[in-house]
Amino acid sequence: SRILETRKERLIATLLIALAIPCSAQLGVMMGLLAGLSTAALTVAFVTVLLQLIIVGRLADRVIPGEGSDFIMELPPIRRPFLRNIVMKTWMRTKWFLMEAIPLFMLGTALLFVLHHTGGLDVLETVLQPVVSSMLGLPKETARFFLMGFIRRDYGAAGFLDMARTIDPVTGLSLLSNNQVVVAIVTLNLFIPCIAAFFVILKEQGRWIGLAIFMFVIIYSVLVGSVLNALLTLTGVSL
């Protein structure tokens, strides 16, 4: 977002990335979840997320003060690439990413370790369970996956994948129905970004704006998931 000229545009771009754009690892797991479902399930999941991108983007443009700018990017001369330049640029960007991201991932892992061994994780799960069960219509055990998703987005998605592939020995059915999988995917996709992205947002946008984005994304994702769950339940649609 740094290439955008105005603070308004950078803020909108950051908000939309935090809300609706999954990382490549999470996207892969999500596609794995949807692979065994119907085309309708895939369509509902991605159209719902796309609509939120458009709706929130339009509302943010109206609510956030400031002016936009014309997006003009000068294209460099097109020349035959040199292998040495490609390797050097790839190495520099990889090195920058590792120096920036690894400490944040280590911090997130350490935080999860402390919460697990102090009982804080159980407390957070207990707080989330009513929301997960009553509003999203998901098993109460899935509250842990949303918390894990804050440490690493793909961790949370992988938890849902394992649960969807687990068969209940009593009923012979999956622990997650197709409708529940779609609601889980949509909610997790819109849920807060991983801790590394969260710290970058704080660094780029400032503490208070970063926390405001954090709270908005949590509330909005739960509301969208709840509405989707209610619509599927009331209409009797089975994906």
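Position 113, counted from 1, in the sequence shown is what our numbering calls 186; the numbers after and before it change by one each time, with no gaps. Backbone N, C-alpha and C define an ideal beta-carbon position, used for all residues, glycine too.
So, under 8 Å CB-CB, residue 311 and residue 252 are touching, yes? Tell me the CB distance rounded to an integer number of Å. 7 Å
Which residue marks the beginning of the alpha helix (DSSP H) containing residue 180, and which one marks its end? 156 to 191
Under the three-state DSSP convention, the category residue 282 falls into: helix
Would you check if the region 205 to 216 and the region 293 to 308 touch, i.e. whether three or more CB-CB distances between them fall below 8 Å? yes
Would residue 106 pass as a contact of residue 234 if the rule is Cβ separation under 8 Å? yes
On the DSSP letters alone, give me the boundaries of the alpha helix (DSSP H) that residue 104 sits inside. 97 to 108
Checking the sheet assignment: what are the DSSP bridge partners for residue 258? For residue 258, which the question treats as bridged, DSSP gives no partner whatsoever.
Alpha helix (DSSP H) containing residue 222: first to last residue? 216 to 224
Residue 150: buried (16+ other C-beta within 10 angstroms of its C-beta) or exposed? exposed
Check this for me: beta carbons of residue 81 and residue 130, under 8 Å apart or not? no
So which of 249, 84, 231, 89 has the shortest CA-CA distance to residue 137? 84
Extent of the continuous alpha helix (DSSP H) run through residue 140: It is not in any alpha helix (DSSP H) - residue 140 carries neither H nor E in the DSSP assignment.
In chain order, what residues of the same chain lie with their CB nearer than 6 Å to the CB of residue 174, ignoring the 5 residues before and after it? 269
Look at residue 277 and residue 79 and say whether their C-beta atoms are less than 8 Å apart. no
Apply the 10 Å Cβ neighbour rule to residue 192 and answer buried if 16 or more other Cβ atoms are within range, or exposed otherwise. exposed
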